[in-house]
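Residue numbers for the sequence shown follow our numbering, beginning at 47 and rising by one.
Here is the structure we will look at.
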Amino acid sequence: MASFSFVHAADLHLGSPFRGLALRDREVSERFAQATRSAFVALVERTLAAGARFLVIAGDVYDGEWKDSAIGLFFNREIARLDRAGIPVFLLRGNHDAESVVTRSIPLPDSVRTFSARRPETHVLEDVAVALHGQSFAERQARDNLARAYPAPLAGHVNIGVLHTSLTGRPPHADYAPCSLEDLTARGYDYWALGHVHGYEVVHADPPVVYPGNLQGRNIRETGEKGAVLVHVEDGRVTGLERLVVDTARWARLDLDIAVCADISDVLARVKGEAEAVAQAAQGRLVALRVRLSGATDLHDRLLSGRARLREEIEAVCHHVDPDLWLEKLRLDLAPLEAAPLDADSALDLQTLLDAAARDDDVAQAAEAALADLGRKMPPGLLDPDRPFGEEVASLIDEARAVLAARLRTQDG
Numbered sequence: 047m048a049s050f051s052f053v054h055a056a057d058l059h060l061g062s063p064f065r066g067l068a069l070r071d072r073e074v075s076e077r078f079a080q081a082t083r084s085a086f087v088a089l090v091e092r093t094l095a096a097g098a099r100f101l102v103i104a105g106d107v108y109d110g111e112w113k114d115s116a117i118g119l120f121f122n123r124e125i126a127r128l129d130r131a132g133i134p135v136f137l138l139r140g141n142h143d144a145e146s147v148v149t150r151s152i153p154l155p156d157s158v159r160t161f162s163a164r165r166p167e168t169h170v171l172e173d174v175a176v177a178l179h180g181q182s183f184a185e186r187q188a189r190d191n192l193a194r195a196y197p198a199p200l201a202g203h204v205n206i207g208v209l210h211t212s213l214t215g216r217p218p219h220a221d222y223a224p225c226s227l228e229d230l231t232a233r234g235y236d237y238w239a240l241g242h243v244h245g246y247e248v249v250h251a252d253p254p255v256v257y258p259g260n261l262q263g264r265n266i267r268e269t270g271e272k273g274a275v276l277v278h279v280e281d282g283r284v285t286g287l288e289r290l291v292v293d294t295a296r297w298a299r300l301d302l303d304i305a306v307c308a309d310i311s312d313v314l315a316r317v318k319g320e321a322e323a324v325a326q327a328a329q330g331r332l333v334a335l336r337v338r339l340s341g342a343t344d345l346h347d348r349l350l351s352g353r354a355r356l357r358e359e360i361e362a363v364c365h366h367v368d369p370d371l372w373l374e375k376l377r378l379d380l381a382p383l384e385a386a387p388l389d390a391d392s393a394l395d396l397q398t399l400l401d402a403a404a405r406d407d408d409v410a411q412a413a414e415a416a417l418a419d420l421g422r423k424m425p426p427g428l429l430d431p432d433r434p435f436g437e438e439v440a441s442l443i444d445e446a447r448a449v450l451a452a453r454l455r456t457q458d459g
């Protein structure tokens, strides 16, 4: 039997918006917005360079219905490069680009084959004795176990199952086309090319059951390197998996306990040291960095009340490390070492009153309502729908408490 390689990708999400990107530099935001396209261009280039026999995309080429034909034309242009090189592409529709979701179309090259949404379908490449089995999504929600209806393996061929699935559950991903690992391995296929989960995962080694992850992280929940998988086949057996990292922008987190920091300069020095490691790992890519400072510290009120200035100082430190390292968001999950009263001579302990107000359910509900009203007035797509103003309401209230405490101490002094 022939020896060859093929590329397994999934979850391109072309056309996906970068929600909640809090970067204040418009040019940088636009670079992040172009990252999904750039990652797909890189995938095509890596597929060509590897001399892959074919490319499999296991669902969610598009993020949803097109606003216009530009995204379809872009995909067609890049796929045509593979067609001219004699590399066919096998497409499976997932929940984001199901038949009922993406209704527009652009004529694709004849070498592109899309799996039917009505029933499992098999595509065969006789020159390398490969049979690919798959079923696309007809609707956005696929609640049935599609894998059970996949056909028996084709004798004398390398059999590849293509499926967009959550398996038995992969939070926070929705449960679509649910099935067990045993449902897959029992089919007798040589490789399972999965999609839907955005993190790289080899679920099972023999036969390989693989999530390649998405090509490009789109928000802070999708950190780390992203890409596809180059699968090596020798004499009819899968002999190796090689990651193809193609992301062009990256999201990263820094979680720092600053309890040992004596002053703000110590905090900034710790951020710089950790940020250097992030920049080195990114290898020249654009990076959006979320910094979370935690711990019990007597800097608590000072940092919370001066959050805006602290953010600017940390952003400057990031740029000292690398000009393409940008502070996406600053989170302060700090606790005071000891709450000192605002006015020791006063019969009314204002610190106690502020602390009580910060824990009051009515205050929290009023804050949530005010923030929701403000969020409705903001331009669409500017805010993260999960955390429109960057923090949980409790954190925002705590920051407001610290600001008031600092101001009252200043007046008292």
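C-beta: ideal position from N, C-alpha, C; glycine also.
Can you give me the Cβ contacts of residue i inside the same chain, cut-off strictly under 6 Å, excluding the 5 residues immediately before and after it?
i	result
L137	I103 and T160
Y108	L60, G61, D143 and V148
K113	none
I266	W297 and R336
A328	R296
R77	L332
Do residue j and residue i count as a contact pair if the criterion is CB distance below 9 Å?
i	j	result
I152	G118	yes
V324	A298	yes
A144	A184	yes
G245	L209	no
L171	F100	yes
G207	Y235	yes
A96	V53	yes
G140	D57	yes
P199	A177	yes
Measure how close the beta-carbons of residue i and residue j come, nearest whole angstrom, since I'm counting them as under 8 Å.
i	j	result
A81	A412	39 Å between Cβ atoms; not a contact.
W372	V313	Actually they are not in contact, since the Cβ atoms of W372 and V313 sit about 19 Å apart, beyond 8 Å.
L29	A315	As shown, the chain starts at 47 and ends at 459. That puts residue 29 outside it, with no answer to give.
V90	R130	Rounded, the Cβ-Cβ distance is 11 Å, inconsistent with contact.
A232	A188	Actually they do not touch by this definition, with Cβ atoms about 20 Å apart.
V135	S115	V135 to S115, Cβ: 19 Å. No contact.
L339	L302	6 Å
V256	V243	Not confirmed; about 10 Å, so no contact.
Tell me whether residue i is buried or exposed, calling it buried when 16 or more other Cβ atoms sit within 10 Å of its Cβ.
i	result
N205	buried
Q181	buried
N260	buried
D71	exposed
E374	buried
A239	buried
E167	buried
P218	exposed
H366	exposed
A55	buried
E361	buried
D368	buried
A220	exposed
S351	buried
Q262	buried
V248	exposed
Going along the chain, which residues of its own chain have a beta-carbon closer than 8 Å to the beta-carbon of residue i, five neighbours each way excluded?
i	result
R331	D293, T294, A295, R296 and D370
T343	I304, A305, C307, L349, L380, A381, P382 and L383
S226	L213 and T214
R150	E111, W112, S115 and G118
A195	R165, P166 and Q181
Between which residues of its own chain and residue i is the CB-CB distance below 7 Å, once the five residues before and five after are set aside?
i	result
L154	N122 and I125
G286	H278
E359	L314
S146	A184, E185 and R186
Measuring alpha carbon to alpha carbon, tell me which of the options ends up nearest residue i.
i	options	result
R92	L290, L345 and C364	L290
V174	R233, Q329, A98 and E359	A98
F50	V284, G132 and L200	V284
E288	P258, A116 and T269	P258
R165	E271, L230, A79 and P197	P197
F120	S84, G132, I133 and V255	S84
C364	A415, R336 and R377	R336
G132	L94, R264 and V249	L94
D281	A416, H203, R377 and H169	H203
L378	D408, G341 and D407	G341
A251	A48, S75 and L230	L230
H346	D309, E73, G319 and T269	D309
G270	R353, S311, P253 and Q326	Q326
V317	A354, F86 and L376	L376
P63	R264, T211, P254 and P253	R264
D462	A201, T211 and P253	Because the chain is modelled from 47 through 459, residue 462 falls outside the range shown and cannot be assessed.
Check whether the Cβ of residue i lies closer than 8 Å to any heavy atom of the ligand MN, and answer yes or no.
i	result
E247	No copy of the ligand MN occurs in the structure displayed, which carries no ligand at all.
So, is the C-beta of residue i closer than 9 Å to a C-beta in chain B?
i	result
T269	Checking the listed chains, one finds no chain B in this structure; it contains a single protein chain.
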